Structure formats: structure tokens, C-alpha cells
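Going by this note's numbering, the final residue of the sequence shown carries number 222, and the count climbs one at a time with no gaps.
Everything on this sheet refers to the single structure shown next.
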Amino acid sequence: MPGNTVLEDIELIIEDLRGGGGKLPPPEDGGDGGDGGRFRRSGGPASHRYPIAIGLAMASILVFFLAMVAAFLFLEHFNPAWTPAHLPRILWANTVVLLASSVTLELARRSLAASHLQRFQTLWRVTTALGILFLTGQVIAWWELVHSGLLINTMASSFFYLFTGAHGVHLAVGVAALLYVSFRKFEGAKISRAAASQVASYYWHFMDGLWVLLFALLYAGR
Numbered sequence: 001m002p003g004n005t006v007l008e009d010i011e012l013i014i015e016d017l018r019g020g021g022g023k024l025p026p027p028e029d030g031g032d033g034g035d036g037g038r039f040r041r042s043g044g045p046a047s048h049r050y051p052i053a054i055g056l057a058m059a060s061i062l063v064f065f066l067a068m069v070a071a072f073l074f075l076e077h078f079n080p081a082w083t084p085a086h087l088p089r090i091l092w093a094n095t096v097v098l099l100a101s102s103v104t105l106e107l108a109r110r111s112l113a114a115s116h117l118q119r120f121q122t123l124w125r126v127t128t129a130l131g132i133l134f135l136t137g138q139v140i141a142w143w144e145l146v147h148s149g150l151l152i153n154t155m156a157s158s159f160f161y162l163f164t165g166a167h168g169v170h171l172a173v174g175v176a177a178l179l180y181v182s183f184r185k186f187e188g189a190k191i192s193r194a195a196a197s198q199v200a201s202y203y204w205h206f207m208d209g210l211w212v213l214l215f216a217l218l219y220a221g222r
């Protein structure tokens, strides 16, 4: 778990996202996100604060999920009472939707780098819609299991709810970040549109890859 310095950095970023504090000068080209995906040239360490903070946050999340994965693998292989759980078929569709969202996200960032702001906005909002669709699909998967009588009554089903629930909560944070980039007015903000979209993309691709890992484990242990 990161120390106090990491928490302070994250608090500073939250303050920036709320629009508090002073303002940095605009980019040299005077644009709003047309800097090819680069951070504003502030000449100080502030430009590196955002990717470092999101990297530390992802590292903490990864450690959290790896601990659950280790427990899952241990119990699956060494506990004789392990009973495989049925996986709803909609999880396959949900996985495709999430993978597609990573594609549209990268297309959006390339459009922004090429200064095609309208195309960026369209693709970015498509990505956001796909993220919301994925979360909706996960809720449907839970609904199917609950109505089939598969509650938290076996170890396998418990891990299913734990994996999908924890991932869903973290992905919802990613959806909030996508919405922020989509609707935030970046004129005069401490972070440029390109910087915000880059940091959000790091987190989104991370959650995408994490879901693929979790889904593979659940499918192998069914």
C-alpha cells in the first residue's frame, strides 16, 4: 500500500480535477489538447505527477487482485471441497465489449493527436458508452446467477462475485474518468485534454487487461 507521499500526490490531483489551486500557463502552441498527446510544458515536476500517481494506483490495485488470485489458485488446486461454478454466457459478450472499448479509446487518442477534436469526442463517448454497457452486462450476469440459485454458497461462486464485483467498482472509476475527459472544459485547467486522456487511457487499458486475466481464471476453474 503506497505511503503518505503517494496519498498526498493523489489528493493534489483530485484538487486539480476539481479546478482548485493556481493555474499553469497554456501550452506553447496555445491549443487545447492538440499537442500530440504530450503533457503541458510546465518546466517542473508537476507534468510528471499524473502518470506517476496513476502508475502507483495501478500497482496497488494489481497487488490487491493478485492476492485474491493467489487465494483462488490455492483453493482450486488444494481444497477437495472446491466445486466449479457455472459462468453466464453473457460474460463472453461483456469481454468483447470491453476489448472493443480499448480499441475505440486508442482511436480517440490518435484523433486528438491529429487535432480532430470532433472525431475524438465521438470516439471517446463511444468508449464511455461501451464501458457502461460492460458494467450493465456484469449486473445481468449477477442477476442470472442469483435467479439460478447460485449465491455465495460455494468457494467458486464466492470468488466469482468477489472478482467481478471488485473489478466492476474499479472500472466504474474508469468510466468516471472518461466522463470527466469528455465533458470537462480544459481551457485554463492545470491539466490539458491530451494529458487527461492519456492518464485515463493508462487506467482503462489496465482494467481491460485485468478483466481478461480474471475471466480466464474463472473460465479455467469452472
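Cβ atoms here follow ideal geometry from the backbone N, Cα and C, with glycine treated the same way.
Bear in mind that the values here come from a model prediction, so they are computed numbers and not experimental data.
So residue i and residue j are supposed to be a Cβ contact under 8 Å. How far apart are they, rounded?
{"i": "Phe215", "j": "Leu91", "result": "6 Å"}
{"i": "Ile140", "j": "Tyr50", "result": "About 34 Å; that fails the 8 Å criterion."}
{"i": "Leu218", "j": "Leu87", "result": "6 Å"}
{"i": "Leu56", "j": "Trp204", "result": "Not quite, the Cβ-Cβ distance comes to about 17 Å (not below 8 Å), so this is no contact."}
Less than 7 Å between C-beta atoms, sequence neighbours within five positions excluded: which residues of the same chain meet that for residue i?
{"i": "Arg110", "result": "none"}
{"i": "Leu210", "result": "Phe65, His167"}
{"i": "Gly137", "result": "Ile90, Ala93, Asn94, Val97"}
{"i": "Arg119", "result": "Ser111"}
{"i": "Trp82", "result": "Leu75, Glu76, Met155, Ala156"}
{"i": "Leu73", "result": "none"}
So for residue i, helix, strand or coil by DSSP?
{"i": "Gly165", "result": "helix"}
{"i": "Leu87", "result": "coil"}
{"i": "Ala46", "result": "Per-residue confidence for Ala46 stands at a pLDDT of 48, beneath the threshold of 50, marking its modelled position as unreliable; the derived number appears in the next sentence. Ala46: helix per DSSP, three-state reduction."}
{"i": "Gly55", "result": "helix"}
{"i": "Thr122", "result": "helix"}
{"i": "His77", "result": "helix"}
{"i": "Ser197", "result": "helix"}
{"i": "Arg184", "result": "coil"}
{"i": "Gly22", "result": "Only weak support exists for where Gly22 lies, its pLDDT of 41 falling under 50; the value from the coordinates is given anyway. Gly22 falls in the coil class under three-state DSSP."}
{"i": "His147", "result": "helix"}
{"i": "Thr154", "result": "coil"}
{"i": "Ala220", "result": "helix"}
{"i": "His205", "result": "helix"}
{"i": "Trp82", "result": "coil"}
{"i": "Ile191", "result": "coil"}
{"i": "Ala177", "result": "helix"}
Can you give the Cα-Cα distance for residue i and residue j, rounded to whole angstroms?
{"i": "Met207", "j": "Tyr161", "result": "17 Å"}
{"i": "Ile61", "j": "Met68", "result": "11 Å"}
{"i": "Ser197", "j": "Val146", "result": "37 Å"}
{"i": "Gly188", "j": "Ala59", "result": "31 Å"}
{"i": "Val63", "j": "Phe159", "result": "16 Å"}
{"i": "Ala220", "j": "Ser148", "result": "21 Å"}
{"i": "Ser101", "j": "Ala114", "result": "20 Å"}
{"i": "Leu117", "j": "Val103", "result": "17 Å"}
{"i": "Ile52", "j": "His170", "result": "18 Å"}
{"i": "Trp143", "j": "Gln121", "result": "33 Å"}
{"i": "Gly165", "j": "Val212", "result": "15 Å"}
{"i": "Pro80", "j": "Ala70", "result": "17 Å"}
{"i": "Arg184", "j": "Phe78", "result": "50 Å"}
Using C-beta distances below 6 Å, list every residue in its chain close to residue i, excluding the 5 sequence neighbours before and after it, in chain order.
{"i": "Arg125", "result": "Ser182"}
{"i": "Tyr202", "result": "Ile54"}
{"i": "Phe163", "result": "Leu214"}
{"i": "Ala177", "result": "Ala200"}
To which residues of the same chain is residue i closer than 8 Å at the C-beta, ignoring the five residues directly before and after it?
{"i": "Gly175", "result": "It should be pointed out that residue 175 corresponds to Val in this sequence rather than to Gly. Within the same chain, Val175 has close Cβ partners Thr128, Gly131, Ile132, Leu135."}
{"i": "Leu107", "result": "Leu123"}
{"i": "Ala172", "result": "Leu135"}
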